[in-house]
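Structure, as structure tokens:
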Amino acid sequence: HSLITNTHTTLFKILNTYIKMAETRTPNKLYATHPKNYGKGSRQCRMTGRKGGMGLIRKYGINMKRQAFRENAIAMGWEKYS
Numbered sequence: 641h642s643l644i645t646n647t648h649t650t651l652f653k654i655l656n657t658y659i660k661m662a663e664t665r666t667p668n669k670l671y672a673t674h675p676k677n678y679g680k681g682s683r684q685c686r687m688t689g690r691k692g693g694m695g696l697i698r699k700y701g702i703n704m705k706r707q708a709f710r711e712n713a714i715a716m717g718w719e720k721y722s
């Protein structure tokens with residue numbers, strides 16, 4: 641019984657210190673504050689405001705995510721041919 645209690649106490653201490661470390665960890669401030677003026681991260685969807693990258697349609701100045709474009713294409717005057 642004593643061995644189980646000591647193991648449990650030791651495990652609890654390790655978990656407690658790990659949780660405290662995770663709470664006090666701060667992100668790198670360079671990435672959080674550095675302005676993004678170029679590249680995929682600088683562009684966002686005009687409808688949802690989501691950041692660019694995969695699925696951002698930029699052709700003809702649309703600047704919309706693929707999903708938002710599919711929802712609003714007919715209202716914008718686009719037609720689907722096939």
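According to the working numbering, the sequence shown holds residues 641 to 722 in order. For every residue, glycine included, the Cβ atom is placed at its ideal position computed from N, Cα and C.
- When only Cα atoms are considered, Glu719 and Leu655 end up about 58 Å apart.
- A Cβ-Cβ separation of about 12 Å leaves Gly693 out of contact with Lys676 under the 8 Å criterion.
- Met704 has Ile697 as its beta-bridge partners, per DSSP.
- Under the three-state reduction of DSSP, Lys691 is assigned to strand.
- Rounded to whole angstroms, the gap between the alpha carbons of Gln707 and His674 is 29 Å.
- Annotated as proximal: Asn703 and Arg683, with beta-carbon spacing under 8 Å.
- For Ile697 and Phe709, the gap between their C-alpha atoms comes out near 8 Å.
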